[in-house]
Structures are given as C-alpha cells and as structure tokens.
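What follows is one structure encoded as structure tokens, with my remarks underneath.
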Amino acid sequence: MRKGRYNRGRRRPRREEEEKPWIPKTKLGQEVVKGKYKSLEEILEKGELILEPEIVKNLIPNLKEEIIYIGGSPGKGGGIRRTATKMTSRMHRSGRRFRLSAIIIVGNEEGIVGVGKAGSREHRTAIEKATGQSKLSVIRVKRGCGSWECGCGGSHSIPFKVKGSHGSVKVTLMPAPKGVGIVADDESKKILRLAGIRDIWVKTSGKTSTRGNLAFAVFNALKRLNEMKGEL
69 MRKGRYNRGR RRPRREEEEK PWIPKTKLGQ EVVKGKYKSL EEILEKGELI LEPEIVKNLI
129 PNLKEEIIYI GGSPGKGGGI RRTATKMTSR MHRSGRRFRL SAIIIVGNEE GIVGVGKAGS
189 REHRTAIEKA TGQSKLSVIR VKRGCGSWEC GCGGSHSIPF KVKGSHGSVK VTLMPAPKGV
249 GIVADDESKK ILRLAGIRDI WVKTSGKTST RGNLAFAVFN ALKRLNEMKG EL
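Residue numbering for the sequence shown follows the numbering used here, starting at 69 and increasing by one per position.
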C-alpha cells in the first residue's frame, strides 16, 4: 500500500497569513504610534497629509470596505455579468499585455469615507492597492438635516444641495427628510452609506454606465460639502 493513499483529494491546511508589525516611515505615522492623535478627525482637521494607509487602519480599526463593480463579462443568455476588476490591454512588440484595475470604497458610516483606484496585473493585487489608495484619500463628510420637510437638526442627511462631476458624469445631492432612505443607484448607495448618510436624493446625468466616473463624481460632491465654512 502506498503511503498517503487515503490522503488524496484532501486539501492541505492553509497557513494563516501573519500581519507584519507596522513600522511608520513618516513623521505623522510616528506621532500616531506615540498616541499624539486620538482620532482621524484630528488629523483631517489640521490638514495633515496621510501617506501611510496604516494610519487610518490604526485609528479606525472597524473601517468597512465596499467594491465598485467596474468590470464586466458576457453573461448567460446575453447581458453583462459585473466583475470587481476591469481588464484593459495594450499592444507591444512582445505581444498583448493585460492590466486589471479596481475601485474600492472605505468608510466608518460615521462621516469618514474614501475612494481609491489602482491597477495591477493580478486581480488580488489590484484590489489591495485600491484599498490602500482609498485609505489615503479619506475625507470628513459634512452631515446635517437640510430638508425643509424635516428640520429635525440631526445628521441623517446633508445640510444643503451640492453638485459634483467626474468625466462626463454629473451628480446632484439633495437633502431628504427622515424615512426616505438613499434614493440612488446601487453603486452610489455604497459610498453614501459608508459616509454615514441615511436619507438623500441623488440626481445624475451623463454616461452613468461608466461606474468609475459615477463613483468619483459622488465622492467629488461629498468633498464640496466641506467648502462651505462652518462646524461639521
């Protein structure tokens, strides 16, 4: 009897990937490790430039992630089956070279959100890079209750109407009363939900089927909320 005959077909136990200890390379990262900053809001309020995604991970351990499905492949019976990465190709002398790109959203559902895009030759690497970029682009979102139908003074919506654009896509965010929910497409809902907005109306125009431009247009509109002076 051959050794290991009855072990055929069994999966080998995977080794759990151990996270390497974070060694900060920037002055801001060193200050975070020393405990100078207790929250990410303090860093964003001072306008500090975040160059290490571990800073955000350290201050907000419960940060949530969402994928924008920007790719697509032919589905059964016609139509498109959406994928997490988008494949592009270039022709070189040595042949055709492929590249995958991904868009990731991060947020704590309490006024912090970020969107990042990155590319790589591998699916997993593209998503990991995009996650890191989204953490470097986090912003504070000004929330409030700007709807004349509600006027509760809470933070379930946005304080005023705002517009944003990216490429051919234009987005208008309008405050809504409690109970309306997020009236938008599925991809825009992901960004607004992670930003901590529960009631809002969204109006879009342009080529909104380009989901990447749509996501960044919504993110641009949320950025413009901070252009108005006042407390968050």
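Glycine included, C-beta positions come from ideal geometry on N, C-alpha and C.
When DSSP states are grouped into helix, strand and coil, G187 belongs to the strand group. In the structure shown, A289 falls within a helical segment according to DSSP collapsed to helix, strand and coil. In this structure, I138 and R279 form a Cβ contact; the two beta carbons are roughly 5 Å apart against a cut-off of 8 Å.
The C-beta separation of A244 from S225 comes to about 6 Å, placing the pair in contact by the 8 Å criterion. With 16 or more neighbouring CB atoms inside 10 Å of its own CB, S256 falls in the buried class.
Per DSSP, G274 is not a residue of any alpha helix (DSSP H), being assigned neither H nor E. Pairwise C-beta distances place the segment 201–212 in contact with the segment 176–186, as three or more of them are shorter than 8 Å. The distance from the Cβ of G235 to that of N281 is about 4 Å, consistent with a contact at the 8 Å cut-off. Take the alpha-carbon of I268 and the one of T276: they are about 18 Å apart. Cβ atoms of L260 and K132 stay farther apart than 8 Å, at about 13 Å. DSSP places R261 in no beta strand (DSSP E) but in the uninterrupted alpha helix (DSSP H) bounded by D254 to L262.
The beta carbon of L96 sits closer than 6 Å to those of E116, all from its chain and outside the five residues before and after it, given in chain order. According to DSSP, residue pairing for K132 in a beta bridge involves G175. Remark: C-beta atoms of A198 and I172 approach each other more closely than 7 Å. The beta carbon of I128 lies closer than 8 Å to those of L108, N176 and I180 in the same chain, with the five residues before and after it left out. When the five nearest sequence neighbours on each side are left out, the beta carbons in the same chain lying within less than 6 Å of the beta carbon of V230 are those of L241, A289, R292 and L293, in order along the chain. Runs of the alpha helix (DSSP H) lying entirely within the segment 89–122, each at least 4 residues long, are 95–102 and 108–114 in chain order.
Per DSSP, reduced to three states, the secondary structure at K125 is helical. In the assembly as shown, F166 is an exposed residue. Its beta-carbon has fewer than 16 other beta-carbons within 10 Å. For S169, the closest alpha carbon among the candidates M159, Q201, A285 and G163 is that of Q201. Taking the Cα positions, I250 is about 20 Å away from G274. Closest in alpha carbon position to R150, among G140, A285 and T156, is G140.
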